[in-house]
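Under our numbering, the residue at position 182 of the sequence shown is numbered 355, and the numbers go up by one with no gaps. Notes to accompany the following structure.
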Amino acid sequence: MGRFVNPDNSAFQVALNSRIYVDKTGLINFTNSVLDTMDGYQVYNPKAVVSLMTKGKFRSYWSETGSYEVVVPLICMNFDGLKTAIIEMLSGAEVEVNTASFKNDPAKIQNRDDVITYLIHLGYLGYNEENGTAFVPNEKIRQELSTAVRNSHWNEMITFQQESRKLLMATRNTEAESHAVLVRWRKTSRMARTRK
Numbered sequence: 174m175g176r177f178v179n180p181d182n183s184a185f186q187v188a189l190n191s192r193i194y195v196d197k198t199g200l201i202n203f204t205n206s207v208l209d210t211m212d213g214y215q216v217y218n219p220k221a222v223v224s225l226m227t228k229g230k231f232r233s234y235w236s237e238t239g240s241y242e243v244v245v246p247l248i249c250m251n252f253d254g255l256k257t258a259i260i261e262m263l264s265g266a267e268v269e270v271n272t273a274s275f276k277n278d279p280a281k282i283q284n285r286d287d288v289i290t291y292l293i294h295l296g297y298l299g300y301n302e303e304n305g306t307a308f309v310p311n312e313k314i315r316q317e318l319s320t321a322v323r324n325s326h327w328n329e330m331i332t333f334q335q336e337s338r339k340l341l342m343a344t345r346n347t348e349a350e351s352h353a354v355l356v357r358w359r360k361t362s363r364m365a366r367t368r369k
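The structure is reproduced here in structure tokens:
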């Protein structure tokens with residue numbers, strides 16, 4: 174069944190369209206129901222699907238996977254632009270990534286793009302092939318990555334979250350002066366980071 178986890182898999186499509194394939198396991202109905210309920214999701218974790226089926230509970234199972242322990246050290250690597258890229262993706266943006274530089278060996282990770290590509294391989298990030306960009310594919314993964322970032326004690330992320338809350342409150346309260354000051358602060362701090 175492992176090769177059928179991805180319904181876009183050519184072996185799955187061959188079996189599905191075969192005249193002699195008989196769906197004794199209910200695989201086709203199960204796959205269709207999963208795909209129907211996952212509207213908007215780009216990536217799903219096979220362990221989460223199996224855990225849902227065996228435990229009968231919807232929840233995040235990502236932190237129970239072995240790959241989660243790999244994520245925290247990866248995002249703590251001090252490669253130029255890595256923290257900024259992760260913060261941008263957690264905010265909903267897509268970031269450009271060169272996936273060709275990664276050599277499929279975590280021991281040989283050498284730059285920001287290698288880390289992001291590895292996170293794509295682990296399923297923590299999605300990849301838009303048309304644009305060559307990476308993104309956080311769904312809210313569950315966003316929550317898990319946010320937890321990993323908090324566990325890494327990133328001062329940049331803490332400051333970003335605090336300033337974002339202040340900006341949101343100023344906007345909600347229509348405090349034009351506070352809003353303008355915070356927007357100017359964000360622009361100047363972003364420019365200072367890009368000059369480094």
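C-beta atoms are modelled at their ideal positions from N, C-alpha and C, and glycine is treated no differently. Owing to the predicted nature of the structure, the values given are computational and were not obtained by experimental measurement.
A direct Cα-to-Cα measurement between Asn311 and Glu317 gives close to 10 Å.
With fewer than 16 neighbouring CB atoms inside 10 Å of its own CB, Arg345 falls in the exposed class. For Thr306, the uninterrupted beta strand (DSSP E) run begins and ends at 306-308, by DSSP. Minimum Cα-Cα distance from Ile314 among the listed residues Asp287, Ser264, Asn284 corresponds to Ser264.
The beta carbon of Leu247 sits closer than 7 Å to those of Val288, Tyr291, Leu292, all from its chain and outside the five residues before and after it, given in chain order. Beyond the five residues adjoining it in sequence on each side, Val270 comes within less than 6 Å, by CB distance, of Asp286, Ile289, Ala307 in the same chain, given in chain order. In the three-state DSSP reduction, Asn202 falls in the helix class (H, G or I).
For the options Lys276, Tyr297, Leu295, Thr272, the alpha carbon positioned closest to that of Glu303 is the one of Thr272. With a contact defined as Cβ atoms closer than 8 Å, Val243 and Ala258 miss out at about 18 Å.
According to the DSSP secondary-structure assignment, Gly299 is paired through a beta bridge with Phe308. With a cutoff of 9 Å on beta-carbon distance, Phe252 and Asn284 are scored as near each other.
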